[in-house]
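Student: Quick one: structure below, then a few questions.
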Amino acid sequence: MTSPLLAVRDLRVRFATEGGVVKAVDGVSFDVERGRTLGIVGESGSGKSVTNLTLLGLHNPARTTVEGSAVLDGTELVGASERTLRDLRGQRVSMVFQDPLTALSPYYTVGAQIVETYRRHTGAGRREALDRAIEMLDRVGIPQAARRAREYPHLFSGGMRQRAMIAMALVCEPDLLIADEPTTALDVTVQAQILDLLGELQAQLGTAIILVTHDLGVVADVADEVLVMYAGRAVELGPATRVLETPKHPYTRGLLASVPRLSDPLDRPLRPVPGAPPSLLAPPPGCAFHPRCDQVIAGPGSPCRTRAPVLVGVGDSGHEAACHLEAGAGAAGVGSAERERERAQVPDAREGGKNP
Amino acid sequence: MFRFLVQRLLGAALILFVVFTVTFFLFFAMPDDPARLSCGKTCTPETLALIRRDLGLDESVPMQYWHYIVGVFAGRDFGTSHCSAPCLGYSFVNHEPVLDTLLDRFPATLSLALGASVIFLGVGVMIGMLAALRRGTWLDKSTMALSLIGASVTIQFLGVIARYVLVDQLRWLPKPEYLPFTGDPGGWMGGLLLPWLTLACVQAAVYARLTRASMIDALGEDHVRTVRAKGLTSRQVYLKHAWRGAITPVVTVYGIELGVLLGGAVVTETTFNIPGIGKLAVNAVANSDLPMITGVVLIAATAMVLANVAVDAVYAVIDPRVRV
Amino acid sequence: MSTSEAPLLEVAGLTKHFPGPRSLLRRRVGAVRAVDGIDLTVEAGESIGLVGESGCGKSTTGRLITRLLEPSGGTIRYRGQDITHASRRELAPIRAQIQMVFQDPYSSLNPRHTIGGILRAPLDVNNIDPPGGRRERVRELLDTVGLNPEHYNRFPHEFSGGQRQRIGIARALAAGPKLIVADEPVSALDVSIQAQVINLLADLRRDLGIAFVFIAHDLAVVRHFCDRVVVMYLGRVVESAERGALYEDAHHPYTHALLSAVPGAVGPGGGRRERIRLTGDVPSPINPPSGCHFRTRCHKARDVCATTVPPLTALAGDPGHRVACHFPSPAETLASVRG
Ligand SMILES: Nc1ncnc2c1ncn2[C@@H]1O[C@H](COP(=O)(O)OP(=O)(O)OP(=O)(O)O)[C@@H](O)[C@H]1O
Ligand SMILES: Nc1ncnc2c1ncn2[C@@H]1O[C@H](COP(=O)(O)OP(=O)(O)OP(=O)(O)O)[C@@H](O)[C@H]1O
Ligand code: SF4
Ligand SMILES: [Mg+2]
Ligand SMILES: [Mg+2]
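Residue numbers (the working numbering), protein chains in the order written: chain F, 1 to 356; chain B, 357 to 680; chain H, 681 to 1019.
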């Protein structure tokens, strides 16, 4: 296999705030293959958006430190100059955001906003760019595209706005589309339309997609691989079918058990994950999930309470989980052994302080 | 759009009417006898009665009110002289028609307000934008500290000092005075330079702070993030996208400000002895010149209302969501 | 279902028209027909799910039932008593029995009041003097919803979203309601927290026999919690049925589309449900389509759909299953209709 389109290794993002240092992303590694879809799931505040925004340098740089590495097709993104990143944005990597009402500028017509992107990266003329914009609007299923291109976003419905966002993101045919909760603000029937649309365009253009969501159903529908995040860390990673059908991490299992699904037997009780997500200012020591975990290893020297688990292979096909229960049992897969080695070079600061 | 404007103007007329009515009853119902004020020192009961009749003061207050209104729309007679519409009456002090005095004084106020506006809007908005872009740097901190001082200084204080240093000592600026633009454009500009700068100095500080704050908000907006995610340069992000969101509060505040300035920049005009509406107002109040006070209030209210309509029009230009 | 007595809540032909939005020209453009003739019956202890897309009038219906809004038409009967236009005073004894839980746990609690104060308010307002005193009752309530009674003097901002929603529920429970209208009570919560709140509501229902009108846009949550499901579209009920019938044997094309749009949905056989994709968006409630409101997005629409409003009629085999469609059919036959 050739190298992945995007290889993220041990990404760490910290924000210095009044209350202390927030470890929003705390050592996350994953790959995105060309033309495939990676779903990132996790609760609010687990670091999904921050992970993706820092890839393109779109986070607020003040009082923020970013460490680790993210290589897009040979280009290192972490620490890259604004100029390099700017040329990538919109051309090789595009983003679609959650709320299409606020994400589109209210001051320019939909067409003008797409034209602007296209001209920035191709240097095309006005006329040509407008034709291209209309073509893209047509392609994402906006009726009467030529007329709608001259309208302002506030005249569009929610679903239409998100279509326009997608048209704008794909106008330069990027290699990677990062969609941060693109359907959370939409109705189910419209959500289904948008997800279908993303799938169709992916098939036509060969775009890889990172789809951030908190909806496991969405992941089940569209993702090839899944990354589950908890408190800024990757707790489980692997092919979507494996992660969703044979989840290995207690958090993933808990999440799946707590969500009602249409396919459930009518009287399946919901088994909620007890407790609440931790504060990132003072995350629990060891495995951040241990205070809520029903399988936490007992005893005073329990690894769950003292050491943060790392992703280890569980079975084949690249399925990995970061749980001490699996660390003893699972034989390390090929891919993860290599990652393990890389990780060993970056000592965990927090661990260093805690361990005698 | 036309209909919108007509409606706004009708609304404005209504507001003016209310303002006028309130002023009228407030001042004309005062215990002071206007006739005695108008009569002067050598007042005999005969002249007093005459004046009273001439001014229509022998009538009941509602009747006076009615006649005033008729005067505004159709003109009216005061004793022997006729005051043609729109008639705002005669000054008690110099017996000139109020309207003529107002029209005579207004250009000075207009010159002062517009000239200073150009300076403080330009400088204030630019400094605010720069400070927002360089947030946290020494540039931001020093300009904001400076503007805090600027915003807390009073015009009298600044005006006196500036006049002493820049005009009397260094002789960099000409003596502040008002010369009509039509007669001598150069002199008009020179004479107003110091008042403009003084007024602008204080105002620019306010606008710099306001612009900085709203620009920082605008830079945090989702659609600005989208523009960055599209790969546009910072210059495009700021100059094409972010400023639109940032400028709306500035327009709002300026709309109010302009209304106030056109109603007479009282302190500036008195400090520099500019014969504008503000100075007129001060004198009118000092002399209890009631028709003049009413006239000044009316013109100030008109300025406010018109500035408001202008602001709405500007909103519509900036933000397509406001358009019909 | 008790048949001898009047049902707990009976709503007939309920409508609510809001004045249309003002355009800049300051003229009203039509009326928003937020709720356009709804029939609904809730028996004691029963849980009804109200589902539909954004803007279809779910929240408005909830607010009408709790009389937070004044209906434009129709009738609302509570235990047989007509409360459609009841005055404040007439409503006073009933207010305590119909309570509401809101979607946003952040804005629905007054930030300047302590939890104790928030929970006491319904007792004070309704002049309820529980044995042991009001303070004791509040502690009990906190315990019931799984919060520590020691939290009495804390302020809302000290709680997480899930905990705040528990407080909102405790407030609704304070006056001893018979019916709770819960407007998207879990939509604003994290996935792992949603189940906690749903389970809490289910426990309350079982232990206290409270009836629920549960408003949600998540069909899977409704399926889990409710005995009966009412599907709304543009201010009207398009289908209403027992839970089993609705999820396994829906007859309205809109319900089919809604079910097949649920992400990760799998059909009864384990395979993916037949995919029915609606085109376009929900039309504006200011100017809804003539006849059947759904016809502009319906693949089965015929001429009659544009001219005649389909009445909500019971299916031949199942009097509890009512559909408002000229061509009702189960999903299988649907596939053959499409060709
Ligand atoms: N600029 C910042 N300064 C301080 N903390 C921040 C900043 N940006 C994000 N955070 C914190 O980082 C954590 C991760 O945030 P992030 O937005 O990535 O979460 P998320 O997984 O996307 O959640 P959601 O589902 O709510 O979008 C949160 O706790 C957030 O409060
Ligand atoms: N106070 C109001 N004034 C005018 N229109 C209103 C008002 N409240 C609601 N509406 C309109 O009535 C319609 C129904 O609104 P409602 O809030 O009941 O929908 P909903 O089904 O609860 O939607 P959501 O899922 O978004 O909460 C909408 O079109 C809404 O814009
Ligand atoms: S009545 Fe007609 S338009 Fe409405 S749902 Fe039935 S078939 Fe479709
Ligand atoms: Mg996010
Ligand atoms: Mg609602």
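For every residue, glycine included, the Cβ atom is placed at its ideal position computed from N, Cα and C.
Quick check for students: name the residue ranges of the alpha helix (DSSP H) that lie wholly in the segment 762-833 of chain H, counting only runs of 4 or more.
Tutor: Entirely contained in the segment 762-833 of chain H, the alpha helix (DSSP H) runs reaching 4 residues are, in chain order, 768-775, 795-805, 814-824.
Student: Which whole-angstrom value describes the C-beta separation of proline 836 of chain H and arginine 844 of chain H, a residue pair presumed to lie in contact below a C-beta threshold of 8 Å?
Tutor: Mapped onto the third sequence, residue 836 of chain H falls at position 156. Mapped onto the third sequence, residue 844 of chain H falls at position 164. With a Cβ gap of about 6 Å, proline 836 of chain H and arginine 844 of chain H count as contacting.
Student: Say the cut is 8 Å; is the CB of methionine 912 of chain H nearer than that to a heavy atom of ligand 2?
Tutor: Reading the third sequence from its first residue, position 232 is the one you call residue 912 of chain H. Result yes, Cβ under 8 Å from ligand 2.
Student: What is the residue span of the alpha helix (DSSP H) that aspartate 573 of chain B lies within?
Tutor: Taking the second sequence and counting its residues from 1, the one referred to as residue 573 of chain B is at position 217. Residues 541-575.
Student: Compare the Cα-Cα distances from lysine 696 of chain H to each of H/Leu688, H/Tyr832, H/Ser739 and report the closest residue.
Tutor: The sequence position of residue 696 of chain H within the third sequence is 16, counting from 1. Looking at the Cα atoms, H/Ser739 is the closest of the given residues.
Student: CB glycine 634 of chain B to CB threonine 400 of chain B, shorter than 9 Å?
Tutor: Here residue 634 of chain B refers to the residue found at position 278 when the second sequence is read from its first residue. Here residue 400 of chain B refers to the residue found at position 44 when the second sequence is read from its first residue. No; because the gap between Cβ atoms is not below 9 Å, this pair is not in contact.
Student: Residues in the same chain with beta-carbon distance under 8 Å from leucine 704 of chain H, minus the five sequence neighbours each way, listed in chain order, please.
Tutor: To locate residue 704 of chain H, count along the third sequence from 1; it is residue 24. The pLDDT assigned to leucine 704 of chain H is 48, lower than 50, so where the model puts this residue is not dependable, and the model offers no usable value.
Student: With distances taken from CA atoms, which of F/Thr37, F/Glu18, F/Ala257, F/Ser44 is nearest threonine 207 of chain F?
Tutor: Here residue 207 of chain F is taken as the residue at index 207 of the first sequence, counted from 1. Measuring from the Cα of threonine 207 of chain F, the nearest candidate turns out to be F/Thr37.
Student: Please report the distance separating the alpha-carbon of threonine 959 of chain H from that of alanine 981 of chain H.
Tutor: Position 279 of the third sequence, counted from the first residue, corresponds to residue 959 of chain H. Position 301 of the third sequence, counted from the first residue, corresponds to residue 981 of chain H. Roughly 13 Å between the two C-alpha positions.
Student: Quick one: what's valine 1003 of chain H bridged to in DSSP?
Tutor: For the purposes of this step, residue 1003 of chain H is taken as residue 323 along the third sequence, with counting starting at 1. In the DSSP output, where bridge partners are listed per residue, valine 1003 of chain H has H/Glu919, H/Thr993.
Student: Which chain F residues are close to arginine 584 of chain B, counting only those with a beta carbon under 8 Å from its beta carbon?
Tutor: For this step, residue 584 of chain B is matched to residue 228 along the second sequence. The answer, in chain order, is Leu58, Arg89.
Student: Taking the beta strand (DSSP E) that glutamate 690 of chain H belongs to, which residues open and close that run?
Tutor: Taking the third sequence and counting its residues from 1, the one referred to as residue 690 of chain H is at position 10. Start and end: 689-699.
Student: Should alanine 657 of chain B be labelled buried (16 or more other beta-carbon atoms within 10 Å of its own) or exposed?
Tutor: As a working mapping, residue 657 of chain B is identified with position 301 in the second sequence. Classification of alanine 657 of chain B: buried, given that the 10 Å Cβ count is 16 or more.
Student: In terms of residue numbering, what span does the alpha helix (DSSP H) encompassing phenylalanine 448 of chain B cover?
Tutor: By one-based count along the second sequence, residue 448 of chain B stands at place 92. Per DSSP, phenylalanine 448 of chain B belongs to no alpha helix (DSSP H) and is neither H nor E.
Student: Can you tell me which of the three DSSP states serine 503 of chain B falls into?
Tutor: Stepping through the second sequence from its first residue, residue 503 of chain B is reached at position 147. Helix at serine 503 of chain B.
Student: List the residues of chain F whose Cβ lies closer than 9 Å to the Cβ of leucine 588 of chain B, in chain order.
Tutor: On the second sequence, position 232 is the one that residue 588 of chain B refers to. Residues of chain F passing the Cβ test: Arg86, Arg89, Gly90, Glu116, Thr117, Arg120.
Student: Going by the DSSP bridge assignment, what does glutamate 67 of chain F pair with across the sheet?
Tutor: The sequence position of residue 67 of chain F within the first sequence is 67, counting from 1. Beta-bridge pairing links glutamate 67 of chain F to F/Arg12.
Student: With DSSP as the reference, please indicate the residues paired to threonine 37 of chain F in a beta bridge.
Tutor: Counted from its first residue, the first sequence places residue 37 of chain F at position 37. Looking at the DSSP assignment, threonine 37 of chain F forms a beta bridge with F/Ile209.
Student: Does the Cβ of serine 739 of chain H lie closer than 8 Å to at least one heavy atom of ligand 5?
Tutor: Position 59 of the third sequence holds residue 739 of chain H. Yes.
Student: Label leucine 55 of chain F either buried or exposed according to how many other C-beta atoms from any shown protein chain fall within 10 Å of its C-beta, with 16 as the threshold for buried.
Tutor: As a working mapping, residue 55 of chain F is identified with position 55 in the first sequence. By the neighbour-count rule (16 or more Cβ atoms within 10 Å), leucine 55 of chain F is buried.
Student: Please say whether valine 32 of chain F and leucine 5 of chain F have beta carbons closer to each other than 9 Å?
Tutor: Looking up residue 5 of chain F in the first sequence gives position 5. Looking up residue 32 of chain F in the first sequence gives position 32. Taking 9 Å as the Cβ cut-off, leucine 5 of chain F and valine 32 of chain F qualify as a contacting pair.
Student: I need the straight-line Cα distance from valine 334 of chain F to arginine 34 of chain F, nearest angstrom please.
Tutor: Here residue 334 of chain F refers to the residue found at position 334 of the first sequence. Here residue 34 of chain F refers to the residue found at position 34 of the first sequence. Because the pLDDT of valine 334 of chain F is 39, which lies under 50, any placement of that residue in the model is unreliable, and the number read from its coordinates should be weighed accordingly. So the alpha carbons of these two residues sit roughly 20 Å apart.
Student: Compare the C-beta of aspartate 675 of chain B with all C-beta atoms of chain F and state if any pair is closer than 9 Å.
Tutor: Residue mapping note: residue 675 of chain B aligns to position 319 of the second sequence, counting from 1. True, the Cβ-Cβ gap to chain F drops below 9 Å.
Student: Around the C-beta of leucine 170 of chain F, are 16 or more other C-beta atoms found within 10 angstroms, so that it is buried, or is it exposed?
Tutor: Position 170 of the first sequence holds residue 170 of chain F. Flag for leucine 170 of chain F reads buried.
Student: If I'm right that alanine 124 of chain F touches isoleucine 134 of chain F with Cβ under 8 Å, what's the distance once you round it to whole angstroms?
Tutor: Start at 1 with the first residue of the first sequence, and residue 124 of chain F comes out as number 124. Start at 1 with the first residue of the first sequence, and residue 134 of chain F comes out as number 134. Between isoleucine 134 of chain F and alanine 124 of chain F the Cβ distance is about 13 Å, and since that is not below 8 Å, they are no contact.
Student: Following the continuous alpha helix (DSSP H) through proline 239 of chain F, name the residue where it begins and the one where it ends.
Tutor: Residue mapping note: residue 239 of chain F aligns to position 239 of the first sequence, counting from 1. Per DSSP, proline 239 of chain F belongs to no alpha helix (DSSP H); it is in the beta strand (DSSP E), 233-239.
Student: Which bits of chain H does valine 110 of chain F rub up against, with CB to CB less than 7 Å?
Tutor: Walking along the first sequence from the start, residue 110 of chain F turns up at place 110. Per Cβ cutoff of 7 Å: no residues; valine 110 of chain F is ~16 Å from chain H at best.
Student: Strictly under 9 Å for the Cβ-Cβ distance: is glutamine 845 of chain H near chain F by that measure?
Tutor: Position 165 of the third sequence holds residue 845 of chain H. No, glutamine 845 of chain H lies away from the interface with chain F (no Cβ there is under 9 Å from its Cβ).
Student: How would you list, in chain order, the residues of chain B whose beta-carbon sits under 7 Å from the beta-carbon of phenylalanine 97 of chain F?
Tutor: On the first sequence, residue 97 of chain F is found 97 positions in, with the first residue counted as 1. Those within 7 Å of phenylalanine 97 of chain F in chain B are Asp578, Thr582.
Student: What does proline 106 of chain F reach in chain B if we use C-beta pairs closer than 9 Å?
Tutor: For the purposes of this step, residue 106 of chain F is taken as the residue at position 106 of the first sequence. Residues of chain B passing the Cβ test: His579, Arg600, Gly601, Asp675, Pro676, Arg677.
Student: Return helix, strand or coil for serine 872 of chain H, following the three-state DSSP convention.
Tutor: Numbered from 1 along the third sequence, position 192 holds the residue referred to as residue 872 of chain H. Helix, per DSSP.
Student: Can you give the Cα-Cα distance for valine 911 of chain H and aspartate 175 of chain F, rounded to whole angstroms?
Tutor: Here residue 911 of chain H corresponds to residue number 231 of the third sequence, with the count starting at 1. Here residue 175 of chain F corresponds to residue number 175 of the first sequence, with the count starting at 1. Near 41 Å, if we compare the C-alpha coordinates of aspartate 175 of chain F and valine 911 of chain H.
Student: Any C-beta of chain F within less than 8 Å: which residues of the segment 856-878 of chain H qualify?
Tutor: Listed by position, the residues of the segment 856-878 of chain H near chain F (Cβ gap below 8 Å) are Asp870, Val871, Ser872, Ile873, Gln874, Ala875, Gln876, Ile878.
Student: If glycine 79 of chain F and proline 943 of chain H are in contact, beta carbons under 8 Å, what's the gap, nearest whole angstrom?
Tutor: For the purposes of this step, residue 79 of chain F is taken as the residue at position 79 of the first sequence. For the purposes of this step, residue 943 of chain H is taken as the residue at position 263 of the third sequence. Actually they do not touch by this definition, with Cβ atoms about 37 Å apart.
Student: Whole angstroms is fine: what's the gap from histidine 979 of chain H's alpha carbon to alanine 996 of chain H's?
Tutor: The sequence position of residue 979 of chain H within the third sequence is 299, counting from 1. The sequence position of residue 996 of chain H within the third sequence is 316, counting from 1. Histidine 979 of chain H and alanine 996 of chain H: Cα-Cα distance of roughly 24 Å.
Student: Quick one: is alanine 1011 of chain H near chain F, going by C-beta distance under 9 Å?
Tutor: Start at 1 with the first residue of the third sequence, and residue 1011 of chain H comes out as number 331. It does not; no Cβ of chain F falls within 9 Å.
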